[in-house]
Amino acid sequence: MSTTKNLVSILTDADFIEKAKVDKALAHCDDTGISLFDSLIDQNVIEEEQLLTHLSKELDIPFEKIDRTTIDFRVASIIPEAFARDNFVLPLFQLGNILTIAITNPFDFHTIEEVEMITGLDVSPILSLKESLSSLYEFTYSYQDTKEPEDPTTMSSLFEMGMKIMEERSGEGDDEMVDLAQEAPIAKLVDTIIKQAISEKASDIHIEPEETLLKVRFRIDGILKDVMNPPKSLESAIISRLKILSNLDITETRKPQDGRITVNIKDRDIDFRVSTVRTISGEKMVLRVLDKSGAFVSLERIGLTENDFQMLTAMISSASGILIVCGPTGSGKTSSLYSCLSKINSPEKNIITIEDPVEFNLAGINQIPVNTKIGVDFVTGLSAIVRQDPDIIMIGEIRDIKTADIAIQAALTGHMVFSTLHTRDAAGTITRLINMGVQPFLITSSVVGIIGQRLVRTICPNCKKTTDASIYTGYKKTQLVKSLEEMVEGKLKLHIGEGCKFCDETGYKGRTGIFEVMGLNEEVRALILQKSSTEIIQKAASKAGMTTMKHDGLQKILSGITTVDEIARVIDL
C-alpha cells in the first residue's frame with residue numbers, strides 16, 4: 006500500500022476529514038506534484054497542528070513543539086544545514102544506533118531514508134510543526150560555529166571519554182567514584198538514556214550487567230528491546246550515577262535497594278521508581294517510568310466492548326461495594342482504575358486513593374502515597390482514609406487479609422471501593438480472597454464486580470496487511486485459529502503488520518486491553534458461598550453473559566486490532 010493510500014485511509018476511515026475534501030487535495034497533488042500531506046495544508050483543508058495531532062494518535066508517534074533544550078548540537082551537525090532546511094527535518098539526539106529526528110511529514114519516507122544513508126543510523130521520528138523547525142535552524146547551525154569541539158555529545162564520544170576517565174581513576178575509592186559519576190560524559194550518557202526512554206514511550210529501563218558487557222534495554226508496549234551496550238568498564242560509573250540521582254547508597258552493592266528519581270523534561274516532571282539487585286555479573290538496575298502528567302486513556306477508549314462498557318459503568322456507579330481489577334503485573338490494572346475514577350469524578354464526591362506509588366496525578370482527587378519509612382502502608386493509610394469522610398476509596402492493591410478486611414468493612418458501611426489483585430482471571434479472584442481468609446458471605450455482600458484484563462499490542466496502522474491463517478503454527482496458535490474459524494462464515498481473514506519505520510519494524514504500534522467483566526448474579530453468589538472452584542464459577546459467569554478475555558481477544562483479532570501471536574502471548578487456553 007502506498008503512503009498516499011495509507012494517509013487517505015487514516016483520514017477517511019474514522020471520518021476525520023470528508024472524503025470530498027481529501028479528493029480535492031489529491032487533485033491539487035496531481036496539478037502541482039506536491040505530497041498529499043502538504044496539499045491538505047496548502048489547500049486549507051486542515052490546520053497543520055490539527056493534522057499532526059491526529060496522525061500522532063493514529064500512528065503513535067510523539068508530536069512535540071521542539072525547543073532549544075531538545076537539541077544536541079553535535080548530533081545535529083551530522084546533517085547538512087541545507088538538507089535539513091530543504092526537507093524540514095532536524096536531528097535531535099542519538100542513543101546507541103538510534104537517531105531521534107524532528108520531522109513535519111511522517112510519510113516522507115524518502116527524507117527518513119536519506120537521513121539513514123547520511124548518518125548510518127536507524128531513525129526514530131518525532132512530529133513537529135514547520136514553524137517550530139524553521140525557528141530553530143538559525144539557532145542550531147550558527148551555534149555550532151562557536152561550540153567547543155571537545156564537548157562530547159555523540160554516544161561514541163561519551164563512551165570514549167568515560168573509558169578514558171575510568172582508566173585515569175582506576176583503583177580509587179568511594180569518594181572518587183562519586184566524583185566520577187558526576188563527570189560530564191557519564192552524566193550526559195545517563196541523561197541521554199533517560200531522554201530516549203521517554204521519547205520511545207518506554208515503561209521500564211533495564212541496566213543489566215553481563216560477563217563482558219553492560220546491556221541497556223527498554224520495555225516498549227510490554228516487550229523488551231535491546232538499545233545499547235556500553236563498555237563493561239563504564240558499568241560502575243553508570244550505576245553510581247543513577248544511585249546518586251535516586252539517593253541510594255553507592256557503597257552498598259550486595260543488598261537490594263529501592264529509590265526514586267524525578268526528572269523535569271519540557272516543563273513536566275517524570276518520576277522513575279528505581280530498584281537494584283545483585284547478580285553474579287554485577288548490579289542490575291531497573292527504572293520504572295512513572296509519567297504523572299501522561300494522559301491515561303478514558304474509560305470509553307480502553308478497549309471495552311459496548312456490553313462490557315455498559316456493565317462496568319453500572320458497577321462503578323453503585324452507591325457502595327467493591328470493584329476489583331485483576332491481572333498480572335504490567336496488565337494495566339491501575340490505569341483502568343484511574344479511568345473508572347475519572348469517569349465518576351465530580352465536585353460532589355470526596356475521592357481518596359492510597360497507592361504504591363502514585364502513578365498519575367488526578368485532578369480533584371486526594372491521592373496518598375504509601376511511605377513505609379514513616380509507617381504509612383496500605384493498612385494504616387486505609388484506616389486513616391475511612392475517617393476522612395470519603396465517598397469513594399481506591400486502594401492500590403489488596404495484599405493481605407488486613408487490607409481486605411478494612412476494604413470490605415468500608416464497602417459494607419456505604420463506601421464505593423476500588424482495588425486490584427494479582428490473579429489470572431476474574432473468577433480466580435474469588436478463590437484468592439477466600440484463600441486469604443475472607444469469609445464467602447462477606448464477598449457476596451460486598452463485591453459488585455470483578456474485571457480481568459491483559460494488554461496486547463495493536464497492529465501498526467501504517468504497515469497493516471491481510472494474511473492467511475496458515476502462517477500460524479504451534480498448538481496454542483492453531484487452537485486459537487480453530488476458535489476463530491468457528492466464529493466466522495467463509496474464509497478467515499486475518500491481519501498483521503509487515504514492519505515499517507513507524508513501528509520500528511515490529512508490526513505493532515501502541516496497546517489496547519482485552520477484558521472480562523464479571524458481575525455477581527444469584528447463581529454465582531450461591532457458588533461462592535459453597536466455596537466452588539474457579540472453573541465452576543467461571544462457567545456460571547459465562548453462562549450469565551460474561552465475555553471471557555479469550556473471546557474478547559478473538560473478537561479483536563477478527564476486527565483487525567491485534568494478532569493471533571499477541572493473544573497467544575497473553576492468555577491461557
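For the working numbering, count along the sequence shown from 1 and bump the result up by 5.
For every residue, glycine included, the Cβ atom is placed at its ideal position computed from N, Cα and C.
May I ask you to list the residues that DSSP assigns as paired with residue i?
{"i": "residue 371", "result": "357"}
{"i": "residue 106", "result": "96 and 130"}
{"i": "residue 331", "result": "426 and 457"}
{"i": "residue 280", "result": "263 and 291"}
{"i": "residue 124", "result": "Note: residue 124 sits in no beta bridge, so no partner."}
{"i": "residue 520", "result": "458"}
{"i": "residue 500", "result": "471"}
{"i": "residue 274", "result": "269"}
{"i": "residue 452", "result": "327"}
{"i": "residue 400", "result": "359 and 424"}
{"i": "residue 381", "result": "376"}
{"i": "residue 464", "result": "513"}
Output needed for residue i: all residues of its chain with C-beta closer than 6 Å, excluding positions within five of it in sequence on either side, in chain order.
{"i": "residue 145", "result": "76 and 81"}
{"i": "residue 442", "result": "406"}
{"i": "residue 2", "result": "Given that the chain is displayed from residue 6 to residue 578, the structure contains no residue 2 and the question cannot be resolved."}
{"i": "residue 419", "result": "325"}
{"i": "residue 117", "result": "128 and 506"}
{"i": "residue 543", "result": "432"}
{"i": "residue 103", "result": "127 and 129"}
{"i": "residue 336", "result": "458, 459 and 460"}
{"i": "residue 497", "result": "474, 489 and 490"}
{"i": "residue 361", "result": "375 and 401"}
Quick one: is residue i buried, meaning 16 or more other Cβ sit within 10 Å of its Cβ, or exposed?
{"i": "residue 150", "result": "With a pLDDT of only 44 at residue 150, under the threshold of 50, the placement of this residue in the model should not be trusted, and no figure is reported."}
{"i": "residue 548", "result": "exposed"}
{"i": "residue 190", "result": "buried"}
{"i": "residue 261", "result": "exposed"}
{"i": "residue 11", "result": "buried"}
{"i": "residue 209", "result": "buried"}
{"i": "residue 514", "result": "buried"}
{"i": "residue 248", "result": "buried"}
{"i": "residue 575", "result": "buried"}
{"i": "residue 567", "result": "buried"}
{"i": "residue 493", "result": "exposed"}
{"i": "residue 245", "result": "buried"}
{"i": "residue 306", "result": "exposed"}
{"i": "residue 520", "result": "buried"}
{"i": "residue 446", "result": "exposed"}
{"i": "residue 352", "result": "exposed"}
{"i": "residue 569", "result": "buried"}
{"i": "residue 338", "result": "buried"}
{"i": "residue 294", "result": "buried"}
Counting only the same chain and skipping the five closest in sequence on each side, list residues whose C-beta sits under 7 Å from that of residue i.
{"i": "residue 59", "result": "21"}
{"i": "residue 512", "result": "464, 465, 468, 501, 502, 503 and 504"}
{"i": "residue 322", "result": "349"}
{"i": "residue 152", "result": "In this predicted model, residue 152 has a pLDDT of only 41, less than 50, meaning its place in the structure is not dependable enough to derive any value."}
{"i": "residue 381", "result": "375"}
{"i": "residue 240", "result": "214, 219 and 287"}
{"i": "residue 409", "result": "403, 438, 441 and 443"}
Have a look at residue i and residue j and give me their C-alpha separation to the nearest angstrom.
{"i": "residue 453", "j": "residue 16", "result": "41 Å"}
{"i": "residue 84", "j": "residue 100", "result": "16 Å"}
{"i": "residue 96", "j": "residue 56", "result": "22 Å"}
{"i": "residue 41", "j": "residue 28", "result": "10 Å"}
{"i": "residue 484", "j": "residue 559", "result": "11 Å"}
{"i": "residue 317", "j": "residue 224", "result": "30 Å"}
{"i": "residue 537", "j": "residue 112", "result": "56 Å"}
{"i": "residue 393", "j": "residue 358", "result": "11 Å"}
{"i": "residue 206", "j": "residue 253", "result": "25 Å"}
{"i": "residue 343", "j": "residue 372", "result": "11 Å"}
{"i": "residue 356", "j": "residue 332", "result": "24 Å"}
{"i": "residue 328", "j": "residue 517", "result": "21 Å"}
{"i": "residue 510", "j": "residue 126", "result": "14 Å"}
{"i": "residue 528", "j": "residue 486", "result": "32 Å"}
{"i": "residue 277", "j": "residue 561", "result": "33 Å"}
{"i": "residue 573", "j": "residue 481", "result": "6 Å"}
{"i": "residue 532", "j": "residue 523", "result": "14 Å"}
{"i": "residue 263", "j": "residue 199", "result": "18 Å"}
{"i": "residue 36", "j": "residue 123", "result": "32 Å"}
{"i": "residue 143", "j": "residue 89", "result": "11 Å"}
{"i": "residue 535", "j": "residue 258", "result": "51 Å"}
{"i": "residue 491", "j": "residue 211", "result": "42 Å"}
{"i": "residue 478", "j": "residue 391", "result": "53 Å"}
Near residue i, which residues of its chain fall below 8 Å by C-beta distance, leaving aside the five closest residues on each side in sequence?
{"i": "residue 314", "result": "304 and 305"}
Length at least 4, wholly inside the stretch 205-263: the alpha helix (DSSP H) runs in chain order: Entirely contained in the stretch 205-263, the alpha helix (DSSP H) runs reaching 4 residues are, in chain order, 240-250.
Minimum length 4: unbroken alpha helix (DSSP H) runs contained in the stretch 29-74: Listed in chain order, the complete alpha helix (DSSP H) runs (minimum 4 residues) inside the stretch 29-74 are 41-47 and 53-64.
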